[in-house]
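Participant: Supplied in C-alpha coordinates, the structure appears directly below.
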Amino acid sequence: MKKAIMGRKLGMTQVFDEDGRVIPVTVIEAEPNVVVQKKTIETDGYNAIKVGYGDVREKLVNKPHRGQFEKAGLKLRRYLKEFRLDDVTGYEVGSEIKADIFSAGERVDVIGTSKGKGYQGVIKRWNANRGPETHGSKYHRAVGSMGASSFPSRTFKNKKMPGHMGNVRTTIQNLEVVRVDADRNIILVKGGVPGPKKGLVVIRDSVKA
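Residue 1 is where the sequence shown starts when you use the UniProt record's numbering, and the numbers rise one by one after that.
Right under this line is the structure:
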(Lines of atoms letter the chains of each structure in order from A; the text may use other names.)
(Lines give C-alpha, C1' and ligand atoms only; values in the text may rest on other atoms or scores of the structure.)
Protein backbone atom coordinates (compact mmCIF):
# COMPACT_ATOMS: atom_id res chain seq x y z
CA MET A 1 0.00 0.00 0.00
CA LYS A 2 1.00 3.61 -0.46
CA LYS A 3 -0.41 5.28 2.65
CA ALA A 4 -2.34 4.60 5.84
CA ILE A 5 -3.33 6.35 9.06
CA MET A 6 -4.86 5.45 12.42
CA GLY A 7 -7.89 7.28 13.73
CA ARG A 8 -10.84 7.14 16.07
CA LYS A 9 -14.46 6.60 15.01
CA LEU A 10 -16.64 9.41 16.36
CA GLY A 11 -19.98 8.28 14.95
CA MET A 12 -22.18 8.81 11.90
CA THR A 13 -23.88 11.83 10.38
CA GLN A 14 -24.98 13.02 6.95
CA VAL A 15 -23.77 15.64 4.48
CA PHE A 16 -25.14 17.04 1.25
CA ASP A 17 -23.31 16.86 -2.07
CA GLU A 18 -23.33 19.48 -4.81
CA ASP A 19 -26.57 18.08 -6.24
CA GLY A 20 -28.35 18.26 -2.89
CA ARG A 21 -28.34 14.51 -2.27
CA VAL A 22 -27.92 13.21 1.28
CA ILE A 23 -24.81 11.08 1.86
CA PRO A 24 -24.50 9.03 5.08
CA VAL A 25 -20.94 9.31 6.39
CA THR A 26 -18.83 8.05 9.27
CA VAL A 27 -16.78 10.72 11.04
CA ILE A 28 -13.22 9.61 11.79
CA GLU A 29 -10.87 11.76 13.85
CA ALA A 30 -7.36 11.17 12.53
CA GLU A 31 -5.04 13.14 14.79
CA PRO A 32 -1.42 13.29 13.59
CA ASN A 33 0.32 9.90 13.69
CA VAL A 34 4.00 10.07 14.58
CA VAL A 35 6.61 7.85 12.91
CA VAL A 36 8.44 5.88 15.62
CA GLN A 37 10.59 3.63 13.42
CA LYS A 38 11.49 3.38 9.76
CA LYS A 39 12.27 0.02 8.15
CA THR A 40 13.88 -0.49 4.75
CA ILE A 41 14.77 -3.41 2.53
CA GLU A 42 18.48 -2.87 3.25
CA THR A 43 18.12 -3.08 7.04
CA ASP A 44 15.00 -5.20 7.63
CA GLY A 45 14.20 -6.91 4.35
CA TYR A 46 11.05 -4.90 3.65
CA ASN A 47 9.76 -1.32 3.61
CA ALA A 48 7.58 -0.22 6.52
CA ILE A 49 7.02 2.46 9.11
CA LYS A 50 6.00 1.98 12.72
CA VAL A 51 3.49 4.60 13.81
CA GLY A 52 2.21 5.78 17.20
CA TYR A 53 -1.21 7.32 17.86
CA GLY A 54 -3.18 8.69 20.80
CA ASP A 55 -2.21 10.20 24.15
CA VAL A 56 -1.58 7.93 27.12
CA ARG A 57 -0.38 8.21 30.72
CA GLU A 58 3.10 6.83 31.35
CA LYS A 59 1.92 4.42 34.06
CA LEU A 60 -0.28 2.63 31.51
CA VAL A 61 2.61 1.78 29.16
CA ASN A 62 4.68 -1.38 29.65
CA LYS A 63 8.47 -1.50 29.29
CA PRO A 64 8.71 -2.97 25.76
CA HIS A 65 6.22 -0.43 24.45
CA ARG A 66 7.91 2.44 26.28
CA GLY A 67 11.37 1.42 25.07
CA GLN A 68 10.50 1.93 21.42
CA PHE A 69 9.48 5.53 22.05
CA GLU A 70 12.47 6.24 24.27
CA LYS A 71 14.81 4.93 21.57
CA ALA A 72 13.23 7.30 19.07
CA GLY A 73 13.19 10.16 21.60
CA LEU A 74 9.45 10.68 21.22
CA LYS A 75 6.46 11.20 23.49
CA LEU A 76 4.57 8.05 24.50
CA ARG A 77 1.54 7.06 22.44
CA ARG A 78 -1.31 4.69 23.28
CA TYR A 79 -1.31 2.67 20.05
CA LEU A 80 1.62 1.38 18.02
CA LYS A 81 1.14 -0.13 14.57
CA GLU A 82 3.29 -1.02 11.59
CA PHE A 83 2.34 -0.18 8.01
CA ARG A 84 4.09 -1.89 5.10
CA LEU A 85 4.48 0.68 2.35
CA ASP A 86 5.76 0.58 -1.21
CA ASP A 87 8.06 3.55 -0.57
CA VAL A 88 9.24 5.01 2.76
CA THR A 89 11.68 7.63 1.45
CA GLY A 90 9.33 10.45 2.41
CA TYR A 91 9.20 9.45 6.09
CA GLU A 92 11.65 9.99 8.92
CA VAL A 93 11.49 9.19 12.63
CA GLY A 94 9.51 11.94 14.34
CA SER A 95 7.63 13.06 11.23
CA GLU A 96 3.84 13.26 11.38
CA ILE A 97 1.17 11.69 9.18
CA LYS A 98 -1.93 13.87 9.04
CA ALA A 99 -5.48 13.53 7.73
CA ASP A 100 -4.65 15.45 4.56
CA ILE A 101 -2.75 12.46 3.11
CA PHE A 102 -6.21 11.45 1.84
CA SER A 103 -8.44 13.61 -0.34
CA ALA A 104 -12.09 13.60 -1.36
CA GLY A 105 -12.97 11.01 -3.96
CA GLU A 106 -10.29 8.49 -3.00
CA ARG A 107 -11.17 4.86 -2.27
CA VAL A 108 -10.07 3.37 1.05
CA ASP A 109 -10.34 0.26 3.20
CA VAL A 110 -11.27 0.81 6.85
CA ILE A 111 -10.20 -1.74 9.47
CA GLY A 112 -11.68 -1.89 12.96
CA THR A 113 -12.80 -4.24 15.72
CA SER A 114 -16.47 -5.15 15.47
CA LYS A 115 -18.81 -4.68 18.42
CA GLY A 116 -18.76 -7.60 20.85
CA LYS A 117 -22.11 -9.38 21.23
CA GLY A 118 -21.12 -11.88 23.91
CA TYR A 119 -22.28 -15.51 23.85
CA GLN A 120 -25.09 -15.93 21.32
CA GLY A 121 -27.23 -18.74 19.92
CA VAL A 122 -27.39 -19.93 16.34
CA ILE A 123 -30.36 -17.74 15.39
CA LYS A 124 -28.60 -14.47 16.12
CA ARG A 125 -25.08 -15.67 15.35
CA TRP A 126 -25.71 -17.60 12.11
CA ASN A 127 -29.22 -16.47 11.09
CA ALA A 128 -30.65 -19.99 11.59
CA ASN A 129 -34.36 -20.69 11.35
CA ARG A 130 -36.41 -21.17 14.52
CA GLY A 131 -38.69 -24.13 15.25
CA PRO A 132 -42.50 -24.16 15.16
CA GLU A 133 -44.34 -22.25 17.87
CA THR A 134 -47.40 -24.54 17.99
CA HIS A 135 -48.49 -28.07 18.94
CA GLY A 136 -46.23 -28.22 21.98
CA SER A 137 -43.06 -28.88 20.03
CA LYS A 138 -40.95 -27.23 22.78
CA TYR A 139 -38.36 -26.62 20.05
CA HIS A 140 -38.04 -22.93 19.32
CA ARG A 141 -34.50 -21.53 19.33
CA ALA A 142 -32.40 -24.66 19.84
CA VAL A 143 -29.40 -25.62 17.72
CA GLY A 144 -31.10 -28.47 15.87
CA SER A 145 -29.57 -31.61 14.42
CA MET A 146 -25.88 -32.20 15.11
CA GLY A 147 -25.58 -34.95 12.47
CA ALA A 148 -26.21 -38.67 12.23
CA SER A 149 -25.90 -40.59 15.50
CA SER A 150 -24.83 -43.95 14.05
CA PHE A 151 -22.30 -42.82 11.46
CA PRO A 152 -19.95 -40.99 11.73
CA SER A 153 -21.03 -40.58 15.38
CA ARG A 154 -19.41 -37.21 15.72
CA THR A 155 -19.88 -33.54 14.90
CA PHE A 156 -17.88 -32.23 11.97
CA LYS A 157 -15.50 -29.29 12.34
CA ASN A 158 -16.83 -25.82 11.54
CA LYS A 159 -20.39 -26.76 12.51
CA LYS A 160 -22.30 -23.51 13.05
CA MET A 161 -23.09 -23.56 16.75
CA PRO A 162 -23.63 -21.12 19.63
CA GLY A 163 -20.56 -19.21 20.76
CA HIS A 164 -18.83 -15.88 21.11
CA MET A 165 -20.03 -13.32 18.57
CA GLY A 166 -18.31 -10.13 17.46
CA ASN A 167 -15.17 -8.45 18.82
CA VAL A 168 -13.08 -9.50 15.80
CA ARG A 169 -10.94 -7.62 13.29
CA THR A 170 -13.20 -6.51 10.45
CA THR A 171 -12.41 -4.75 7.17
CA ILE A 172 -14.87 -2.78 5.04
CA GLN A 173 -13.42 -2.40 1.56
CA ASN A 174 -13.63 0.19 -1.18
CA LEU A 175 -15.29 3.04 0.72
CA GLU A 176 -15.28 6.56 -0.66
CA VAL A 177 -13.69 9.52 1.11
CA VAL A 178 -16.37 12.22 0.96
CA ARG A 179 -14.57 15.09 2.67
CA VAL A 180 -11.34 15.86 4.56
CA ASP A 181 -11.05 18.64 7.14
CA ALA A 182 -7.31 19.01 7.71
CA ASP A 183 -7.72 21.79 10.30
CA ARG A 184 -9.82 19.56 12.60
CA ASN A 185 -8.14 16.27 11.60
CA ILE A 186 -11.47 14.89 10.38
CA ILE A 187 -12.07 12.39 7.56
CA LEU A 188 -15.62 11.69 6.37
CA VAL A 189 -16.06 8.24 4.83
CA LYS A 190 -19.23 7.23 2.99
CA GLY A 191 -21.17 4.47 4.77
CA GLY A 192 -20.54 2.61 8.00
CA VAL A 193 -17.26 1.30 9.41
CA PRO A 194 -16.65 -1.42 12.02
CA GLY A 195 -16.62 -0.87 15.74
CA PRO A 196 -18.25 1.29 18.42
CA LYS A 197 -17.94 5.03 18.88
CA LYS A 198 -14.42 6.07 19.97
CA GLY A 199 -13.10 2.76 18.61
CA LEU A 200 -9.70 2.61 16.90
CA VAL A 201 -9.76 2.26 13.11
CA VAL A 202 -7.11 2.13 10.38
CA ILE A 203 -7.67 3.86 7.03
CA ARG A 204 -5.54 2.64 4.13
CA ASP A 205 -5.55 2.60 0.34
CA SER A 206 -8.19 0.29 -1.11
CA VAL A 207 -6.81 -2.94 -2.53
CA LYS A 208 -9.68 -3.07 -5.05
CA ALA A 209 -9.63 0.47 -6.43
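Ideal Cβ positions, reconstructed from N, Cα and C, are used throughout, including at glycine.
Cα separation between THR170 and HIS135?
Facilitator: On the sequence shown, residue 170 is found 170 positions in, with the first residue counted as 1. On the sequence shown, residue 135 is found 135 positions in, with the first residue counted as 1. Distance between the alpha carbons of THR170 and HIS135: 42 Å.
Participant: State the Cα-Cα distance for the pair SER206 and GLY131, rounded to the nearest angstrom.
Facilitator: In the sequence shown, the residue the question calls residue 206 occupies position 206. In the sequence shown, the residue the question calls residue 131 occupies position 131. For SER206 and GLY131, the distance between alpha carbons rounds to 42 Å.
Participant: Thinking just about the alpha-carbon of each residue, which of GLU82, ILE23, PRO152, ALA4 is nearest to the one in GLN37?
Facilitator: Taking the first residue of the sequence shown as 1, we reach residue 37 at position 37. Nearest option by C-alpha distance: GLU82.
Participant: What is the rounded straight-line gap between the Cα of ASN2 and the Cα of LEU85?
Facilitator: Here residue 2 is taken as the residue at index 2 of the sequence shown, counted from 1. Here residue 85 is taken as the residue at index 85 of the sequence shown, counted from 1. Residue 2 is actually Lys in this sequence, not Asn. Roughly 5 Å between the two C-alpha positions.
Participant: I'd like to know whether the C-beta of MET165 is nearer than 8 Å to at least one C-beta of chain C.
Facilitator: Absent here is chain C; the protein component of the structure consists of one chain.
Participant: Count the other C-beta atoms from every protein chain shown that fall within 10 angstroms of the C-beta of LYS9, then say buried if there are 16 or more, exposed otherwise.
Facilitator: Numbered from its first residue, the sequence shown carries residue 9 at position 9. The residue in question, LYS9, is buried, as its Cβ has 16 or more Cβ neighbours within 10 Å.
Participant: Leaving aside the five residues before and after ALA182 along the sequence, list all residues of the same chain whose C-beta is less than 8 Å from its C-beta, in chain order.
Facilitator: Looking up residue 182 in the sequence shown gives position 182. Excluding residues within five positions, the ones whose Cβ falls inside 8 Å are LYS98, ALA99, ASP100.
Participant: Excluding sequence positions up to five away, which residues of its chain have a Cβ less than 8 Å from the Cβ of residue 222?
Facilitator: Outside the displayed span of the chain (1 to 209) sits residue 222, for which this structure offers no information.
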